[in-house]
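A.B. asks: Sharing a structure with you now.
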Amino acid sequence: MSTAEEILKTLEKMYPDAAPALKFRTPYELLVAVILSAQCTDERVNKVTGVLFERYNTPESMLTLSQEELEKCIYSCGFYHNKAQHILSASRDILEKFGGEVPSTLEELRTLAGVGRKTANVVYAVAFHGDAIAVDTHVFRVANRLGLAKGNTPEKVEEGLCAVIPKELWSRAHHWLIFHGRRVCHSRRPDCEHCPLAPLCEYYVGNTRDE
Ligand code: SF4
């Protein structure tokens with residue numbers, strides 16, 4: 008078995024129930040939640056969207072809000088000015104170019120104003136069960152440390168992960184890596200002592216080789 012296969016097998020055992028923590032009922036709600044989740048916890052986003060989506064959970068209803076009004080609703084998620092702008096531009100695009108429905112292909116999702124590659128990948132994988140790996144800060148860090156996919160940009164890491172992970176595992180592997188980054192492989196102090204992946208991890212093996 009290759010190292011990548013062993014890593015994936017171990018991650019699957021560690022996080023059998025890994026799933027998105029963002030709450031949503033429709034692809035549009037997921038899109039808005041993912042935009043809000045940049046640099047913010049999923050718990051905070053769920054609190055904000057719990058209230059926001061009671062009245063504004065379609066592109067039409069969202070566009071009845073002004074930029075300032077939306078900023079007030081999402082203030083506590085941080086970066087509220089940019090996030091409000093992105094939500095409104097994406098909503099306008101969905102309404103004008105896609106008849107009010109969030110498009111279901113990766114190519115179309117990536118054309119939406121205010122929607123970055125990571126957001127498009129998450130919506131495609133989670134809402135439409137498509138095969139995609141979204142590289143967020145956790146995936147980027149954990150993939151590099153493990154040596155599963157090395158790169159200095161999210162695009163390079165995404166490319167590397169897609170090359171070593173079988174396509175049918177892409178969206179689940181994305182969640183495994185996020186869970187591992189949140190629970191064990193923390194950005195400042197990875198808990199290598201208690202990490203079952205340590206013998207397979209480039210970072211760990213490299214740092215303990217001369218001890
Ligand atoms: S051994 Fe340490 S650096 Fe490697 S994946 Fe585990 S926690 Fe992260």
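For the sequence shown, our numbering begins at 8 and goes up steadily by one.
Here a beta-carbon is modelled for each residue, glycine too, at the ideal position from N, C-alpha and C.
Quick one, which of PRO66, HIS93, ASP138, ALA139 has its alpha-carbon nearest GLY123's?
C.D. replies: When each option's Cα is compared against that of GLY123, the closest is HIS93.
A.B. asks: Measuring from the CB of LEU15, is there a heavy atom of ligand 1 at a distance below 6 Å?
C.D. replies: Outside the cutoff, so no.
A.B. asks: Return the chain-ordered list of same chain residues with a C-beta closer than 8 Å to the C-beta of VAL164, the five sequence neighbours on each side being excluded.
C.D. replies: Only VAL142, VAL146, PHE147, ALA150, ASN151, ALA156, LYS157, GLY158 meet the Cβ criterion.
A.B. asks: Considering only the beta carbon of each residue, do LEU10 and LEU168 sit closer than 7 Å?
C.D. replies: Sequence inspection shows Thr at residue 10; the Leu mentioned does not correspond to that position. Result no, Cβ atoms of THR10 and LEU168 do not sit closer than 7 Å.
A.B. asks: Sorry if obvious, but does the Cβ on ARG152 come closer than 6 Å to a heavy atom of ligand 1?
C.D. replies: Yes, since a heavy atom of ligand 1 falls inside the 6 Å radius drawn around the Cβ of ARG152.
A.B. asks: Expressed to the nearest angstrom, what Euclidean distance is found between the alpha-carbon atoms of TYR211 and SER73?
C.D. replies: Going from the Cα of TYR211 to the Cα of SER73 covers about 50 Å.
A.B. asks: Given a threshold of 16 other Cβ atoms within 10 Å of its Cβ, counted over all protein chains shown, does SER194 qualify as buried or as exposed?
C.D. replies: When all chains shown are included, SER194 counts as exposed.
A.B. asks: So, does the stretch 181 to 199 touch the stretch 14 to 23, judging by three or more C-beta pairs under 8 Å?
C.D. replies: Touching, yes.
A.B. asks: Write down every uninterrupted run of the alpha helix (DSSP H) in the stretch 102 to 166 whose length is 4 residues or greater and which is fully enclosed by it, in chain order.
C.D. replies: Taking only runs of at least 4 residues, the alpha helix (DSSP H) segments lying wholly in the stretch 102 to 166 are 113 to 118, 124 to 129, 144 to 153.
A.B. asks: Determine the closest residue to PHE86 out of THR56, ARG117, CYS47, with distance taken between C-alpha atoms.
C.D. replies: Nearest C-alpha to PHE86: CYS47.
A.B. asks: Assign MET21 to one of three DSSP states: helix, strand, or coil.
C.D. replies: Note: MET21 maps to helix in three-state DSSP.
A.B. asks: Taking the alpha-carbon positions, what's the PRO110 to TYR63 distance?
C.D. replies: Each residue's Cα considered, the two are about 19 Å apart.
A.B. asks: Taking 6 Å as the cut-off, is the beta-carbon of CYS208 closer than that to any non-hydrogen atom of ligand 1?
C.D. replies: Yes - ligand 1 has a heavy atom lying nearer than 6 Å to the Cβ of CYS208.
A.B. asks: Excluding sequence positions up to five away, which residues of its chain have a Cβ less than 6 Å from the Cβ of HIS96?
C.D. replies: Position check: residue 96 holds Ser in this sequence, whereas His was assumed. Within the same chain, SER96 has close Cβ partners ALA120, GLY121.
A.B. asks: How many angstroms separate the CA atom of CYS192 from the CA atom of ALA91?
C.D. replies: So the two alpha carbons sit approximately 31 Å from each other.
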